[in-house]
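Going by this note's numbering, the residue at position 28 of the sequence shown is 476; the numbering climbs one at a time, nothing skipped.
Contents: one structure, followed by commentary.
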Amino acid sequence: MLSTIKIVLVETTHPGNIGAVARAMKNMKMHNLYLVSPKIFPSADATSRASGADDVLAGAIVCQTLQEAIADCQLVIGASARGRTISWPELSPRECAEKVLVNEPGDNVAIVFGRENSGLKNHELDLCHFLLRIPCNSEYSSLNIAAAVQVVCYELFVASGQAAEEQILVGDKDEDPLATATQMESFYAHMAEALTDIGFMHPAKSKSIMRRLRRIYNRVQMNTKELDILRGILRMSQGHKRNNDV
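Okay, structure coming up:
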């Protein structure tokens, strides 16, 4: 879903900012970078700041004009921190993501960012359908261009559903399965036995204590690895008590 979206940088002054933008894009699985008349590119500074997003830099397309960069796009959104005299249809980053991925999926989209010191000029905004504004501190509203791109790309990444997919993949890779009801009952029986062995629990109070302990551990929803650790602690406690008794 993100493959039809291009990030366009207009007349970027510092090549390091191009590298930082490439890094921000790759973090969010975006790769289409267009550069309109960059002052310096390619550059070792850009490569250094990209921190491994070399493929995004290598694939960057350099254009002479903004019109050339957006020629194949059905939707063009221009980012700006400054208010404009003429009223412009505005979107927040979240609204932008919904507009791009929910309301108009499949369209070729350009999200355009202007110069570091002055942003987009009015004649460049004339080429845009919407103005993108990132809500922030009104007393200090100027974001670094890479930070601005990161915010927008993050919202696009989340709206595309890929954030949820990444969480599922990480969970499948790293997490042990949750303990079954049978495993939990075995654990509770072991716990009751161990608490009795060490003299913590007495028959008269055993039901109420175990009920409270069940509530605690049921809220946690332990996985099998965590259950093994706790049962190991119980076994050690029982063994320590028996050794002391001897």
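Beta carbons: idealized from backbone N, C-alpha and C, even for Gly.
Proximity below 8 Å, CB of G467 to CB of D503: no
Contiguous alpha helix (DSSP H) assignments of at least 4 residues, all confined to the segment 627 to 692: 629 to 645 and 654 to 668
6 Å Cβ shell around F561 - same chain, five flanking residues per side excluded: L457, A527 and I593
Three-way DSSP call (helix, strand, coil) for K474 in this model: helix
Sub-8 Å separation of N556 and C511 beta-carbons: no
Bridge partners - V484, DSSP secondary structure assignment: V458 and C511
Buried versus exposed, by CB contacts within 10 Å (16 or more), V484: buried
The segment 567 to 577 / the segment 627 to 645 touching (three or more Cβ pairs under 8 Å): no
Neighbour-count burial assignment, I559, 16 or more Cβ in a 10 Å radius: buried
Top-ranked residue by Cα proximity to I525, from G647, A652 and I455: I455
Reference L661, options M649, N671 and T672, closest by Cα: M649
Inter-residue Cα distance where the pair is A596 and N585: 14 Å
Close-in-space but distant-in-sequence residues of the same chain around L580 (CB under 6 Å, 5 per side omitted): I525, A527, L539 and C544
6 Å Cβ shell around R471 - same chain, five flanking residues per side excluded: A498, S499 and A501
Burial state of N666, where buried means 16 or more other Cβ atoms lie within 10 Å: exposed
Residue from T644, Q610 and S685 with nearest C-alpha to M695: Residue 695 is absent from the model: the chain starts at 449 and stops at 694.
Residues of its chain near E546, where Cβ-Cβ distance is below 8 Å and the 5 sequence neighbours each way are ignored: A607
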